[in-house]
Amino acid sequence: MRLPALGVRFLILATFGIFFAVPILWLILAPTRTDKALIMGHPIAFGSFHQVALAWKHLDAFSGHIYRRWIANTLYYALSATAITLVVSVPAGYGLAIGKFPGRKLVLSLTLVVMIMPAAALVLPIFLELNAMHLIGRSLSVILPFAFFPFGVYLAYIYYVTALPPDLLDAARVDGAGELQTFLRVALPLAKPVLALIFFFSFVADWNNFFLPYVLLADSNQYPITVGLSDLLASTPSFNPSVGGGGQSVNIFKPELALATLLAVVPIAIVFVFSQRALVRGLVGGAVKE
Amino acid sequence: MATVAFESVTKVFGDGTRAVDGLDLDIADGELMVVVGPSGCGKTTALRMTAGLEEISDGSVRIGDRIVNHLTPKDRDIAMVFQSYALYPHLTVRDNIAFPLKLAKQAKDEIRRRVEDAAGILDLEPYLARKPRTLSGGQRQRVAMGRAIVRQPKAFLMDEPLSNLDAKLRVQMRADIRRLQGDLGVTTIYVTHDQVEAMTMGDRVAVMRKGKLQQVAPPEELYDQPVNVFVAGFIGSPAMNILQARIEGGVAVVGDARLPVAGVAGYEGREVLIGIRPESLEDAALANGEGRHRLLGRVELREALGSEVLVHFSTAGRLAATDELLELAEDVGDDRAAERATLVGRFSPKTRVRQGDTIEVAVDVEALHVFDPKRGSAIQRRP
Numbered sequence: 022m023r024l025p026a027l028g029v030r031f032l033i034l035a036t037f038g039i040f041f042a043v044p045i046l047w048l049i050l051a052p053t054r055t056d057k058a059l060i061m062g063h064p065i066a067f068g069s070f071h072q073v074a075l076a077w078k079h080l081d082a083f084s085g086h087i088y089r090r091w092i093a094n095t096l097y098y099a100l101s102a103t104a105i106t107l108v109v110s111v112p113a114g115y116g117l118a119i120g121k122f123p124g125r126k127l128v129l130s131l132t133l134v135v136m137i138m139p140a141a142a143l144v145l146p147i148f149l150e151l152n153a154m155h156l157i158g159r160s161l162s163v164i165l166p167f168a169f170f171p172f173g174v175y176l177a178y179i180y181y182v183t184a185l186p187p188d189l190l191d192a193a194r195v196d197g198a199g200e201l202q203t204f205l206r207v208a209l210p211l212a213k214p215v216l217a218l219i220f221f222f223s224f225v226a227d228w229n230n231f232f233l234p235y236v237l238l239a240d241s242n243q244y245p246i247t248v249g250l251s252d253l254l255a256s257t258p259s260f261n262p263s264v265g266g267g268g269q270s271v272n273i274f275k276p277e278l279a280l281a282t283l284l285a286v287v288p289i290a291i292v293f294v295f296s297q298r299a300l301v302r303g304l305v306g307g308a309v310k311e
Numbered sequence: 038m039a040t041v042a043f044e045s046v047t048k049v050f051g052d053g054t055r056a057v058d059g060l061d062l063d064i065a066d067g068e069l070m071v072v073v074g075p076s077g078c079g080k081t082t083a084l085r086m087t088a089g090l091e092e093i094s095d096g097s098v099r100i101g102d103r104i105v106n107h108l109t110p111k112d113r114d115i116a117m118v119f120q121s122y123a124l125y126p127h128l129t130v131r132d133n134i135a136f137p138l139k140l141a142k143q144a145k146d147e148i149r150r151r152v153e154d155a156a157g158i159l160d161l162e163p164y165l166a167r168k169p170r171t172l173s174g175g176q177r178q179r180v181a182m183g184r185a186i187v188r189q190p191k192a193f194l195m196d197e198p199l200s201n202l203d204a205k206l207r208v209q210m211r212a213d214i215r216r217l218q219g220d221l222g223v224t225t226i227y228v229t230h231d232q233v234e235a236m237t238m239g240d241r242v243a244v245m246r247k248g249k250l251q252q253v254a255p256p257e258e259l260y261d262q263p264v265n266v267f268v269a270g271f272i273g274s275p276a277m278n279i280l281q282a283r284i285e286g287g288v289a290v291v292g293d294a295r296l297p298v299a300g301v302a303g304y305e306g307r308e309v310l311i312g313i314r315p316e317s318l319e320d321a322a323l324a325n326g327e328g329r330h331r332l333l334g335r336v337e338l339r340e341a342l343g344s345e346v347l348v349h350f351s352t353a354g355r356l357a358a359t360d361e362l363l364e365l366a367e368d369v370g371d372d373r374a375a376e377r378a379t380l381v382g383r384f385s386p387k388t389r390v391r392q393g394d395t396i397e398v399a400v401d402v403e404a405l406h407v408f409d410p411k412r413g414s415a416i417q418r419r420p
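Sequence order for the protein chains is A and B.
Note that the working numbering gives residue 240 to position 219 of the first sequence, counting from 1, and the numbers run on in steps of one.
Note that the working numbering gives residue 86 to position 49 of the second sequence, counting from 1, and the numbers run on in steps of one.
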């Protein structure tokens, strides 16, 4: 390749790289700096670890350690809902993949339709339904709707259709297994890659869900981190001048906010690292004959 | 161990495809029955119906004294070896073999003893702790066999178990399976599309075409006395040469040649099909005065195999082109519409014919087969 063409290619890539990297870098560096330094100083610069500790102290002190509570709430909601999702969606996907029953195609089509439907569109009917069941304001009001994860059913369906040789199931049946044993002893153990995939996507979707808990939960002690962050944002003079200037009791400024955002991403990053191998395997599983 | 019987068994799929059509077949206790036929002939469907993996549309399958139509696979007491081996990839060889015994809730000591017995028979002891993905094709095949024999079932069902192996291993495994089946004496249905496998392994061979049973007989009988032109063309490698002919004065006229055939009085003046096995053809120069009846031909191809020479030669006359033969020809790419017929002869290795030579080929007229061209059935030759 000629040098000018290489240069143009590099320039385009570098422009896009910098465009996307700068905000992330700013976010990572922001907790190390003071609010003043963030406004007056160079946008990309490192402050001090002492400033990070100070930002955490302010953040943790906010509303009586409520930030910790939000993280704990989110873990509880996301893990509970994901557990239900796994228990429900893997057998459902298996049934759709190998079952021969009337209405199978209809159920599959409905799964796809619900999958592409925006979650916000369902908030009002879900609210009315939960209200009728007297669940509004309870943990279950978030966990149960979170557990409804048609994408997980579809992932399991695709996995079983493409990656599980039908001969294996037939072999188990001939070897003396009933349908339940065939699923539990053969189909389920072979679904580890797709289990990891569903776990990851369900956990991330639940962790990031804002609108549903925002509507369904009134008590800030029950908030997940997404709703909590918006509460935090509303308490920051930088974003909400009505809460006053530096003389206020709440020490939440840009560095604290950046730290809160960064910490909120950590659990997802950990889940990703642990499920990465299975994720990659799951994504390519069935693509080639092994 | 038990007998297996198909009684007017029919399978019609949802789209109307009649995969198996009125199959009647009795398999004796301890017999190895090979079911053979081209792709789509219904052999695998028949096997899967025996296993309970396909529903039976009509008729009944009997294992021992019981009609098993409505029994689930697990209640039929059969074991199956699949073409893909179908080993459980998440289990070790030991657990794969033990799988059916664990499902049957056998005692742990009994499971260990029987797994080790099976592994001993199949030389699998060194691999018991390994996962299937670390094994070669032949070893995987043996694990699949181990899983089948460990149960001591009433019948083995084998669905083209050797088709994924290379040619050399296939020959060895063929003998191993035959010996093992003989030692265990378990009734076995063995499905294959490979007629060499069928001929070498079966106590009897059932030939199927388009869902229908064509003939069931011991291999030699199938070869020497095919009941129709399909069986004649399918069994034998190289395949039987089948030509169009006309009966004139009790003699079959094939191109320029006149070949005497017996028992065709009722066909005087009519068209017939004449079948000549490759070994019924010989280089006339080596025929020592035998084989006064000759075909004139031109050598198109010479394949020296050491113990014999396969000579492909063109001669006057036309190859038969019935539906059955066209179906078989499709598999091997024969041109049955050609003006001159190309035949294959199995010549002595002493033959000196070369490609392009014009040759005389001696025909053993005692071994000719004659078929009715419309019905495809063999014409009973009467002396």
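Backbone N, C-alpha and C fix where the C-beta goes; we use that ideal spot for every residue, glycine too.
Length of the line joining the Cα atoms of residue i and residue j
i: F83 (chain A); j: W91 (chain A); result: 12 Å
i: A322 (chain B); j: D401 (chain B); result: 14 Å
i: A102 (chain A); j: I33 (chain A); result: 42 Å
i: T82 (chain B); j: K145 (chain B); result: 36 Å
i: L332 (chain B); j: A341 (chain B); result: 21 Å
i: L405 (chain B); j: G312 (chain B); result: 6 Å
i: M210 (chain B); j: G175 (chain B); result: 8 Å
i: A235 (chain B); j: V242 (chain B); result: 6 Å
i: I164 (chain A); j: L96 (chain A); result: 11 Å
i: A185 (chain B); j: F384 (chain B); result: 43 Å
i: D188 (chain A); j: I279 (chain B); result: 39 Å
i: Y235 (chain A); j: Y98 (chain A); result: 14 Å
i: R194 (chain A); j: N265 (chain B); result: 38 Å
i: K80 (chain B); j: V111 (chain A); result: 35 Å
Short CB-CB distance (under 9 Å) between residue i and chain A
i: M117 (chain B); result: yes
i: Q441 (chain B); result: Within the shown structure, residues of chain B are numbered from 38 to 420, placing residue 441 (chain B) beyond reach of any answer.
i: Y227 (chain B); result: no
i: Y260 (chain B); result: no
i: G101 (chain B); result: no
i: P198 (chain B); result: no
i: P431 (chain B); result: Residue 431 (chain B) lies beyond the range of chain B shown here (38 to 420); nothing can be said about it.
i: R113 (chain B); result: yes
i: T129 (chain B); result: no
Bridge partner(s) assigned by DSSP for residue i
i: D78 (chain A); result: The sequence shown places Lys at residue 78 (chain A), not Asp. DSSP output for K78 (chain A) lists no bridge partner at all.
i: D196 (chain B); result: B:V228
i: T395 (chain B); result: B:R335
i: K48 (chain B); result: B:V57
i: H349 (chain B); result: B:L338 and B:V381
i: S97 (chain B); result: B:E44
i: L23 (chain B); result: In the structure as shown, chain B begins at 38 and stops at 420. Residue 23 (chain B) is therefore absent and cannot be evaluated.
i: L206 (chain B); result: L206 (chain B) is not bridged to any residue.
Spatial neighbours of residue i in its chain, beta-carbon cut-off 6 Å, leaving aside the 5 residues before and after
i: V223 (chain B); result: M38 and F193
i: D360 (chain B); result: none
i: L117 (chain A); result: L129 and Y178
CB contact check: residue i to chain B, cutoff 9 Å
i: Q314 (chain A); result: No answer is possible for residue 314 (chain A): the residues shown for chain A start at 22 and end at 311.
i: G199 (chain A); result: yes
i: A193 (chain A); result: yes
i: L189 (chain A); result: yes
i: V236 (chain A); result: no
i: R298 (chain A); result: no
i: P112 (chain A); result: no
i: A125 (chain A); result: Residue identity differs from the one stated: residue 125 (chain A) is Arg in this sequence, not Ala. Answer no: the Cβ-Cβ gap between R125 (chain A) and chain B never drops below 9 Å.
Heavy atom of the ligand SAH within 8 Å of residue i beta-carbon
i: L176 (chain A); result: The model depicted lacks the ligand SAH and carries no ligand whatsoever.
Chain-order list of residues whose beta-carbon lies under 7 Å from that of residue i (same chain, five-residue window excluded)
i: V25 (chain B); result: No answer is possible for residue 25 (chain B): the residues shown for chain B start at 38 and end at 420.
i: L90 (chain B); result: P110
i: G266 (chain A); result: With a pLDDT of only 48 at G266 (chain A), under 50, the local geometry of the prediction cannot be trusted, and the value read off the model is given with reservation. Closer than 7 Å at Cβ, skipping near neighbours: P258.
i: V152 (chain B); result: R131, I134, A135 and V187
Close beta carbons around residue i, own chain, < 8 Å, minus the five adjacent residues each side
i: G51 (chain B); result: none
i: R283 (chain B); result: A289, V290, G306, R307, E308 and V309
Would you be able to state if there are at least three C-beta pairs under 8 Å between the segment 232 to 248 of chain A and the segment 49 to 56 of chain A?
no
Are the segment 161 to 170 of chain A and the segment 219 to 235 of chain A touching, with three or more C-beta to C-beta distances below 8 Å?
These segments touch.
Decide yes or no for the touch test of the segment 153 to 169 of chain B against the segment 192 to 208 of chain B: beta carbon pairs closer than 8 Å, at least 3 of them.
no
Does the segment 289 to 296 of chain A come close enough to the segment 60 to 67 of chain B to have 3 or more Cβ pairs within less than 8 Å?
no
Three Cβ pairs or more, each shorter than 8 Å: is that satisfied between the segment 97 to 107 of chain B and the segment 128 to 139 of chain B?
Taking a contact to require three or more Cβ pairs closer than 8 Å, the segment 97 to 107 of chain B and the segment 128 to 139 of chain B do not qualify as touching.
Counting pairs of beta carbons, one from the segment 173 to 183 of chain A and one from the segment 127 to 143 of chain A, are three or more of them closer than 8 Å?
yes
Cβ pair count under 8 Å reaching 3, the segment 104 to 117 of chain A against the segment 68 to 86 of chain A:
no
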